[in-house]
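In the working numbering, the protein residues as written are 7 to 430. Glycine residues also receive a C-beta, built at the ideal position from the N, C-alpha and C atoms. It should be emphasised that the depicted structure is a prediction, and the values quoted were computed from it without experimental measurement. As structure tokens, the structure follows; a few thoughts come after it.
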RNA sequence: GGAAGGGUGGCCGAGCGGUUUAAGGCACCGGUCUUGAAAACCGGCGUGGGUGCAAGCCCACCGUGGGUUCGAAUCCCACCCCUUCCGCCA
């Protein structure tokens, strides 16, 4: 959510930011609507001021038992009140028109974000590890189905496409991955583990900006609630409508949850395997910071997410997303892409974004400064630390052996009863 | 699902048609006192908006949205949320 006052003060910066996202300028239209709103408010306030003054006089007259004077005054107010409803309506309409645009306008790219149209313009930031030469490499679903531990048919019979059933050692490995990630972030990175609701109300989805624009990407359930598409929603909304103190910041939350996405815009894409599912497990990282520290927190969060893949020893690269490829609420985003030998390509496994005060405005999440009057909006960050389903894919493909078995990564063995390999 | 009680500034809490300009307290900030601190005392201290060069003036806000009234935190209606009890239940 953008601040109309900031737009009024910086119309050219605002339009430049939109242009970087490939969007047409909006400042002139927004300022025009805000002018309309101001005109209506000013006129209304003049009427309200007059009404309040007359009402006080009526009270005074009644106290002095001057009924005649009271009646004259009441007639004055009655005439005045005839004009007020239309002014009120004009204000409501102008505000609604303004908000309709503001809530559906994406965040502006940060100054150091590469300008570009789509994913082809993303910039590689750095790499970790070297993809091994694996001419025998199979894709994860070939391995999983050969083990008889990854069942898409049974899932389709009960739930349809884009669901999977993991059995036995693969189910356990998924669980082990999630445990490993949460333990890493809580024990070594200072995050607090949160077990949040998976169902949230409209307001929470609005706060993190899934609503109103991305309604079709979500699953709604009866009772007017939504299945969370990511734990970013509940973890970020932890601070909605609160006033924190400066000393409490930064707050760092992590949570391992199921995530639900309709994948409405992805028809036909990644249909084979468990890369793109309606339901998947993800370990999420969320930080709440001051404006001064959000940029360094972003780098820190990326490093926390990277550590997961480093410990798993899976090769990856980090991409800085260009302005045209970033999500709606982001100022700046890093994607981590893991190497998948079976596909012979890098695929997204984590996305870390800094949102500035964009979500904080929507949630009304503020903090109080130690030696300054008033409150300021916090900054919010979120990142996958990391997607568990995709991490399972990366482990299967990178740890597969020529005999068709899969070695269990060292760091997962304690979580899998010391097991060292699957299949073979 | 049924019943009752309740949502007031950062927090606690009074007010239940017009001396409310939302009492009082806590916290916070400034000052007096003190070697320093604490205590005590004095003063300040909500949010958003309109207007103005400014000092200021004005409007709105007591869970949300409607309504009654010349005037609503206060009365009415609907909804949301919280607490307690009962029922059901992993």
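- Counting the other CB atoms within 10 Å of its CB gives residue 249 a total below 16, which places it among the exposed residues.
- Residue 298 has its alpha-carbon roughly 21 Å from the corresponding atom of residue 241.
- With a minimum length of 4 residues, the unbroken runs of alpha helix (DSSP H) contained wholly in the segment 145-209 fall at 146-153, 158-165 and 174-193.
- The C-alpha of residue 230 lies about 8 Å from the C-alpha of residue 208.
- Distance check between residue 281 and each of 195, 356, 58 and 239 places 356 closest, using alpha-carbon atoms only.
- Cα atoms of residue 153 and residue 428: separation of roughly 8 Å, rounded to the nearest angstrom.
- Annotated as proximal: residue 144 and residue 410, with beta-carbon spacing under 9 Å.
- In the structure shown, residue 133 adopts extended strand secondary structure according to DSSP, grouped into three states.
- About 44 Å separates the Cβ atoms of residue 8 and residue 136, ruling out a contact at the 8 Å cut-off.
- In terms of Cβ geometry, residue 290 and residue 260 form a close pair [threshold 9 Å].
- Minimum Cα-Cα distance from residue 351 among the listed residues 90, 61 and 403 corresponds to 403.
- About 4 Å separates the Cβ atoms of residue 385 and residue 300, confirming a contact at the 8 Å cut-off.
- Across the structure, residue 119 and residue 328 are spaced so that their CA atoms are roughly 6 Å apart.
- Three or more Cβ pairs closer than 8 Å define a contact, and the segment 410-422 meets that threshold against the segment 172-185.
- Shown here for residue 28: same chain residues with a beta carbon closer than 7 Å to its own, the five before and five after excluded, namely 123 and 330 in chain order.
- For residue 334 against residue 219, the beta-carbon gap comes to about 7 Å, under 8 Å, which counts as contact.
- Judged by DSSP in its simplified three-state form, residue 234 adopts coil rather than helix or strand.
- Annotated as distal: residue 234 and residue 190, with beta-carbon spacing of 9 Å or more.
- In the DSSP annotation of this structure, the continuous segment of the alpha helix (DSSP H) that includes residue 304 starts and ends at 300-318.
- The beta-carbon separation of residue 415 and residue 318, rounded to 5 Å, stays under the 8 Å limit for a contact.
- Residue 13 and residue 221 have their C-alpha atoms roughly 26 Å apart.
- Secondary structure of residue 364 (DSSP, three-state): helix.
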